[in-house]
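Sequence order for the protein chains is B and P. In terms of the numbering used here, the first sequence opens at residue 1 and continues consecutively. In terms of the numbering used here, the second sequence opens at residue 1 and continues consecutively. As structure tokens, the structure follows; a few thoughts come after it.
There are 2 protein chains.
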Amino acid sequence: MSQKLNTPKGTRDFSSLEIKKREYLLNVLKNCFKSFNFQEIQTPSFENLTTLRGKYGDDEDNLMFKILSSGDKIKKADIDAFKNNKLSKFSNSLSDKALRYDLTVPLSRFISQNLNDISFPFKRFQTQLVWRAERPQKGRYREFLQCDVDIIGESNILNELECIKVYDTVFKKLGMPKVNLRINNRQILEGVSKLMKLESVKEIASILDKTDKIGVDGVIKELKERDLPDNSINQLKTLLNFQGTNQEKIKNLRSLFNSNQILSNGVDLIEEIIKTSQKFNFSNININLDLSLARGLSYYTGTIIEVSSPEEFNIGSIGGGGRYDDLVQKNNPRLSGFGISFGFDRIFLILEELKLFPNELNTSKSFLFLNFGLENLDTLISCVDKLREKNIICELYPSDVKIKKQMDYANQKGIDYVIIIGQEELRSKNFKLKDMKSGDESTININNILSEIENLN
Amino acid sequence: MSQKLNTPKGTRDFSSLEIKKREYLLNVLKNCFKSFNFQEIQTPSFENLTTLRGKYGDDEDNLMFKILSSGDKIKKADIDAFKNNKLSKFSNSLSDKALRYDLTVPLSRFISQNLNDISFPFKRFQTQLVWRAERPQKGRYREFLQCDVDIIGESNILNELECIKVYDTVFKKLGMPKVNLRINNRQILEGVSKLMKLESVKEIASILDKTDKIGVDGVIKELKERDLPDNSINQLKTLLNFQGTNQEKIKNLRSLFNSNQILSNGVDLIEEIIKTSQKFNFSNININLDLSLARGLSYYTGTIIEVSSPEEFNIGSIGGGGRYDDLVQKNNPRLSGFGISFGFDRIFLILEELKLFPNELNTSKSFLFLNFGLENLDTLISCVDKLREKNIICELYPSDVKIKKQMDYANQKGIDYVIIIGQEELRSKNFKLKDMKSGDESTININNILSEIENLN
Numbered sequence: 001m002s003q004k005l006n007t008p009k010g011t012r013d014f015s016s017l018e019i020k021k022r023e024y025l026l027n028v029l030k031n032c033f034k035s036f037n038f039q040e041i042q043t044p045s046f047e048n049l050t051t052l053r054g055k056y057g058d059d060e061d062n063l064m065f066k067i068l069s070s071g072d073k074i075k076k077a078d079i080d081a082f083k084n085n086k087l088s089k090f091s092n093s094l095s096d097k098a099l100r101y102d103l104t105v106p107l108s109r110f111i112s113q114n115l116n117d118i119s120f121p122f123k124r125f126q127t128q129l130v131w132r133a134e135r136p137q138k139g140r141y142r143e144f145l146q147c148d149v150d151i152i153g154e155s156n157i158l159n160e161l162e163c164i165k166v167y168d169t170v171f172k173k174l175g176m177p178k179v180n181l182r183i184n185n186r187q188i189l190e191g192v193s194k195l196m197k198l199e200s201v202k203e204i205a206s207i208l209d210k211t212d213k214i215g216v217d218g219v220i221k222e223l224k225e226r227d228l229p230d231n232s233i234n235q236l237k238t239l240l241n242f243q244g245t246n247q248e249k250i251k252n253l254r255s256l257f258n259s260n261q262i263l264s265n266g267v268d269l270i271e272e273i274i275k276t277s278q279k280f281n282f283s284n285i286n287i288n289l290d291l292s293l294a295r296g297l298s299y300y301t302g303t304i305i306e307v308s309s310p311e312e313f314n315i316g317s318i319g320g321g322g323r324y325d326d327l328v329q330k331n332n333p334r335l336s337g338f339g340i341s342f343g344f345d346r347i348f349l350i351l352e353e354l355k356l357f358p359n360e361l362n363t364s365k366s367f368l369f370l371n372f373g374l375e376n377l378d379t380l381i382s383c384v385d386k387l388r389e390k391n392i393i394c395e396l397y398p399s400d401v402k403i404k405k406q407m408d409y410a411n412q413k414g415i416d417y418v419i420i421i422g423q424e425e426l427r428s429k430n431f432k433l434k435d436m437k438s439g440d441e442s443t444i445n446i447n448n449i450l451s452e453i454e455n456l457n
Numbered sequence: 001m002s003q004k005l006n007t008p009k010g011t012r013d014f015s016s017l018e019i020k021k022r023e024y025l026l027n028v029l030k031n032c033f034k035s036f037n038f039q040e041i042q043t044p045s046f047e048n049l050t051t052l053r054g055k056y057g058d059d060e061d062n063l064m065f066k067i068l069s070s071g072d073k074i075k076k077a078d079i080d081a082f083k084n085n086k087l088s089k090f091s092n093s094l095s096d097k098a099l100r101y102d103l104t105v106p107l108s109r110f111i112s113q114n115l116n117d118i119s120f121p122f123k124r125f126q127t128q129l130v131w132r133a134e135r136p137q138k139g140r141y142r143e144f145l146q147c148d149v150d151i152i153g154e155s156n157i158l159n160e161l162e163c164i165k166v167y168d169t170v171f172k173k174l175g176m177p178k179v180n181l182r183i184n185n186r187q188i189l190e191g192v193s194k195l196m197k198l199e200s201v202k203e204i205a206s207i208l209d210k211t212d213k214i215g216v217d218g219v220i221k222e223l224k225e226r227d228l229p230d231n232s233i234n235q236l237k238t239l240l241n242f243q244g245t246n247q248e249k250i251k252n253l254r255s256l257f258n259s260n261q262i263l264s265n266g267v268d269l270i271e272e273i274i275k276t277s278q279k280f281n282f283s284n285i286n287i288n289l290d291l292s293l294a295r296g297l298s299y300y301t302g303t304i305i306e307v308s309s310p311e312e313f314n315i316g317s318i319g320g321g322g323r324y325d326d327l328v329q330k331n332n333p334r335l336s337g338f339g340i341s342f343g344f345d346r347i348f349l350i351l352e353e354l355k356l357f358p359n360e361l362n363t364s365k366s367f368l369f370l371n372f373g374l375e376n377l378d379t380l381i382s383c384v385d386k387l388r389e390k391n392i393i394c395e396l397y398p399s400d401v402k403i404k405k406q407m408d409y410a411n412q413k414g415i416d417y418v419i420i421i422g423q424e425e426l427r428s429k430n431f432k433l434k435d436m437k438s439g440d441e442s443t444i445n446i447n448n449i450l451s452e453i454e455n456l457n
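In structure tokens form, the structure reads like this:
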């Protein structure tokens with residue numbers, strides 16, 4: 001193996017310390033989800049393409065990692081499609097499965113498959129990896145952990161507020177600074193796109209999604225290039241530029257578009273959410289109505305939300321979600337759902353930079369027994385057994401190499417104490433305990449090893 | 001979505017209760033690995049094919065889930081290979097990554113990539129999913145959790161014994177019946193295959209691997225079909241049929257093949273392992289020298305072991321491992337490694353059938369606040385907040401539907417207590433607490449809600 005091997009692009013290894021930090025964050029999330037009585041589920045890493053395809057939008061479909069058919073199935077390759085440069089068709093003939101792109105579509109498959117066994121409203125949480133063939137950036141990877149909570153089977157706005165409360169509780173628990181939660185409603189966007197005589201809400205959504213990058217002026221410029229009614233464009237421009245409280249924004253929106261029923265419904269819902277939110281004692285979240293919020297995924301139909309990273313961090317959103325009405329079964333009001341995701345890696349980055357990880361992730365002391373050869377093993381092994389029985393972290397050096405090498409190992413691995421039981425110690429029934437930080441050495445009766453070491457831990 | 005959607009073949013969803021049981025088992029494993037001072041690492045779900053290919057053997061390579069190249073990379077499709085029915089070549093032109101097939105080859109890539117930062121001996125554990133495109137069977141899935149410990153950088157037999165001790169400790173902790181651990185050495189097999197004038201040890205290994213299914217007679221029959229020296233075949237037959245203690249088997253082996261150096265080395269190592277094992281106080285493991293043990297994976301070079309499931313279970317092995325000398329760098333003795341795997345799903349099956357999961361997986365009580373409409377939310381939400389602050393599992397029903405429907409939800413979800421704070425309770429400042437198991441109702445002052453409910457938990 002002479003060539004240099006690496007992790008694939010956009011993926012990472014994790015060391016022991018990184019895993020401890022990730023477990024800390026994951027436990028805060030999971031304990032919060034559990035205290036809200038969400039039920040955990042897990043789904044397979046890949047799903048059949050029949051489950052995944054067409055749920056996200058075309059751009060997103062192209063970012064799925066598809067699994068190459070194996071065995072004889074590969075004979076189904078559509079060579080004509082390849083020759084005619086229909087690469088997407090060619091690619092589809094070679095695969096019938098793909099890695100999860102998110103946790104929401106697998107949830108909808110789970111519900112559809114277990115419809116008769118689930119009692120609704122179904123509150124589930126799920127913390128598993130997802131994969132996207134995107135260009136890697138800071139805080140954005142091709143394999144990353146997604147943490148979702150969803151409530152299926154209720155259209156009440158309390159679902160929205162319960163999920164926002166989940167964000168608030170987690171951020172508070174983590175000691176994060178206050179963050180902005182932007183809120184909008186797809187029905188408002190739909191109303192706007194109707195007024196503009198756009199064919200579908202997707203068009204306006206994909207333009208608005210760029211507001212962060214190109215600003216309101218850029219958005220307006222793009223719209224003007226599309227030959228839309230000047231009047232509507234100007235109204236939208238006024239709206240997007242409008243500064244004020246949520247209540248003022250709502251009033252302004254109503255006065256500009258008062259004749260539009262779809263839009264009105266959306267405005268009513270947002271107003272009710274914002275009003276009721278005052279009863280929820282949010283401590284770490286400010287809710288801001290933001291008409292430029294669109295969110296890419298095509299399955300959203302109602303409320304959409306997105307949590308911005310704290311101001312000093314320029315890493316995009318750290319969470320988002322929305323309401324989807326037709327993901328499980330079309331036109332079944334019983335199966336309306338609302339759900340949110342946490343951007344685990346970006347939150348991790350923030351905790352790291354703000355030094356919010358607790359110091360005591362690494363408190364258990366570790367012990368190394370020096371190895372003086374197979375002959376003297378009996379006593380050593382019975383000591384090791386005693387300690388491990390009590391979950392004390394300890395090990396016997398795995399060969400009787402020179403003591404210096406064994407001590408180097410202890411230093412490099414950050415072992416806290418070295419235990420010396422050689423010939424002399426066996427005779428005197430006293431072992432030596434060396435504190436690797438201070439260098440202090442003490443002599444202890446072998447019979448007391450467990451009690452003495454439990455005291456150190 | 002009218003068609004019925006399902007999990008892909010050989011994969012599973014997990015419910016909340018299954019996850020709790022899996023977490024219990026995983027924690028027993030991880031806590032044991034930690035007490036032995038193995039360091040956890042995690043690697044990406046997929047690796048570059050350059051990392052994976054050629055490490056396992058041809059059969060295994062075909063069982064990898066390859067990831068279809070995306071974007072323009074798919075233009076590299078080798079259409080000629082397809083036309084000439086060279087499907088494997090065609091398939092390789094369409095992919096440069098595959099899902100992990102095990103955790104050992106990713107470990108060797110990890111070490112190779114971080115060679116200068118790792119201090120040896122490197123003791124790592126890893127518990128992550130692996131994927132194999134095998135035919136699903138009882139206890140065998142296409143996506144499953146593998147739990148590995150490995151020690152890299154030492155060829156001392158204490159590594160073998162330390163890993164066997166890990167098995168022993170875990171099985172004891174789980175309360176499992178005593179199991180057989182079969183042991184053999186690839187050098188013995190190599191010696192045997194040399195005597196038989198076979199081209200490579202792989203041939204004898206792949207035949208011996210079938211002993212479980214076709215018996216010793218079947219193995220001998222297959223060997224006879226290959227035109228091998230009768231003398232050697234008969235010697236092997238005698239060996240495989242030989243019944244006796246480990247020491248008797250070793251003696252017998254030596255007397256039959258005393259002139260073969262490679263084989264002798266293997267026998268010496270096994271003898272030393274078996275002899276030293278007596279110092280290790282194994283309580284849940286019997287070590288048995290078994291010359292029919294071969295283990296499929298081609299990277300093993302020395303000791304190989306396999307743990308059989310307890311006798312009443314016919315589900316194959318529940319763990320196995322071995323020594324590999326050239327996985328990280330060829331001919332670098334510093335990087336010899338020994339490692340073992342736990343068959344998580346099969347051990348899970350055994351715990352389930354023997355009812356070895358603890359009863360107290362599910363002790364936290366859960367509480368449901370009935371919902372009487374948005375107007376009365378303030379008090380309810382402050383009560384909910386108080387309880388969740390203490391990690392008490394509670395929820396507010398997410399809409400003010402009929403009380404009967406809310407109570408049905410509590411029953412179906414297995415809620416322990418329902419809390420009733422309606423108009424009347426708000427006036428009297430006393431809430432009702434209904435025990436859903438007994439049906440008992442009590443009346444409690446709202447100010448005391450936290451202390452009263454903490455007592456129930």
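Backbone N, C-alpha and C define an ideal beta-carbon position, used for all residues, glycine too. These numbers were taken from a predicted model, which means no experiment stands behind them.
contact_flag[the stretch 131-145 of chain P, the stretch 2-11 of chain P] where n(CB pairs < 8 Å) is 3 or more: yes
If you measure beta-carbon to beta-carbon, which residues of the stretch 68-83 of chain P are closer than 9 Å to chain B? Leu68, Ser69, Ser70, Gly71, Asp72, Ile74, Lys75, Ala77, Ile79, Phe82, Lys83
Quick check: the Cα distance between glutamine 228 of chain B and isoleucine 285 of chain B, rounded to an integer number of angstroms? Contrary to the premise, residue 228 of chain B reads as leucine rather than glutamine in this sequence. Going by the C-alpha atoms only, they are around 37 Å apart.
Relative to the alpha-carbon of glycine 175 of chain B, which residue among B:Phe357, B:Val384, B:Asn362 has its alpha-carbon at the smallest distance? B:Phe357
If we define contact as Cβ-Cβ less than 7 Å, is asparagine 156 of chain B a contact residue for chain P? yes
Under the rule that 16 or more other beta-carbon atoms within 10 Å means buried, what is asparagine 447 of chain P, buried or exposed? exposed
Strictly under 7 Å for the Cβ-Cβ distance: is asparagine 332 of chain B near chain P by that measure? no
Per-residue burial, leucine 68 of chain P [other beta carbons within 10 Å of its own, 16 or more giving buried]: Label assigned to leucine 68 of chain P: buried.
Going straight from the alpha carbon of leucine 450 of chain P to that of leucine 396 of chain P, what length do you get? 16 Å
Among all the DSSP beta bridges, which residues are the ones paired with isoleucine 464 of chain P? Limits of chain P in this structure are 1 at one end and 457 at the other, which puts residue 464 of chain P out of reach.
Take phenylalanine 38 of chain P and list the residues in its own chain whose beta-carbon comes closer than 7 Å to its own, dropping the five residues that flank it on each side. Lys123, Arg124, Phe125, Val149
Chain B residues whose Cβ lies nearer than 7 Å to that of glutamine 412 of chain P: Ser119
Counting pairs of beta carbons, one from the stretch 51-67 of chain P and one from the stretch 290-305 of chain P, are three or more of them closer than 8 Å? As far as the Cβ criterion goes, the stretch 51-67 of chain P touches the stretch 290-305 of chain P, which means the pair count is three or higher.
Alpha carbons only, please: which of B:Glu271, B:Glu424, B:Gly218, B:Asp168 is nearest the one belonging to glycine 320 of chain B? B:Asp168
How far does the beta strand (DSSP E) with phenylalanine 125 of chain B in it extend, from its first residue to its last? 122-131
Within the same chain, show all residues whose beta-carbon is closer than 8 Å to that of threonine 43 of chain P, passing over the 5 residues directly before and after it, in chain order. Arg100, Leu103, Pro106, Leu107, Arg109, Phe110, Gln126, Gln128
With the cut-off set at 7 Å, would you say asparagine 288 of chain P and arginine 182 of chain P are in Cβ contact? yes
What does DSSP give as the partner residues of glycine 321 of chain P in its beta bridges? DSSP lists P:Ile305, P:Ile340 as partners of glycine 321 of chain P.
Where does serine 255 of chain P fall in DSSP's three states? helix
Using the three-state DSSP reduction, which class does threonine 43 of chain P fall into: helix, strand or coil? coil
Can you tell me which of the three DSSP states glutamine 243 of chain B falls into? coil
Taking a cut of 9 Å between CB atoms, which residues from the stretch 30-53 of chain P lie near chain B? For the stretch 30-53 of chain P, residues whose beta-carbon sits nearer than 9 Å to a beta-carbon of chain B comprise Asn31, Cys32, Lys34, Ser35, Phe36, Asn37, Phe38, Gln39, Glu40, Ile41, Gln42, Thr43, Pro44, Ser45, Phe46, Glu47, Asn48, Thr50, Thr51.
Do threonine 51 of chain P and leucine 145 of chain B have their C-beta atoms closer together than 7 Å? Taking 7 Å as the Cβ cut-off, threonine 51 of chain P and leucine 145 of chain B do not qualify as a contacting pair.
Distance between tyrosine 141 of chain B and leucine 161 of chain P (C-alpha atoms, nearest Å): Looking at the two C-alpha atoms, the distance is approximately 40 Å.
Beta-carbon within less than 7 Å of serine 2 of chain P's beta-carbon, same chain only, minus the 5 sequence neighbours each way: which residues are those? Only weak support is given to the placement of serine 2 of chain P: the predicted model assigns it a pLDDT of 45, under 50, and the question is left unresolved by the model.
What did DSSP end up calling alanine 294 of chain P once you bin it into helix, strand or coil? coil
Take the Cβ of glycine 302 of chain P as the centre, count every other Cβ of all protein chains shown within 10 Å, and call the residue buried at 16 or more, exposed below. buried
C-alpha distance - methionine 436 of chain P paired with asparagine 457 of chain B, whole-angstrom precision: 43 Å
From glutamine 247 of chain P to proline 121 of chain P, what does the alpha carbon distance come to, in whole angstroms? 31 Å
Can you name, in chain order, every residue of its own chain whose Cβ lies under 8 Å from the Cβ of alanine 77 of chain B, other than the five neighbours on each side? Within the same chain, alanine 77 of chain B has close Cβ partners Phe90, Ser93, Leu94.
Chain-ordered neighbours of serine 399 of chain B on chain P, where CB pairs are closer than 7 Å: Glu154, Asn156, Leu158
Which of the three DSSP states, helix, strand or coil, is assigned to aspartate 440 of chain B? coil
Whole-angstrom C-beta distance between serine 309 of chain B and arginine 346 of chain B, which should lie under 8 Å: 6 Å
With 16 other CB atoms within 10 Å as the buried threshold, where does leucine 455 of chain B fall? Strictly speaking, residue 455 of chain B in this sequence is asparagine, with leucine absent from that position. Asparagine 455 of chain B is exposed by the Cβ-count criterion.
I need the straight-line Cα distance from lysine 221 of chain P to leucine 263 of chain P, nearest angstrom please. 23 Å
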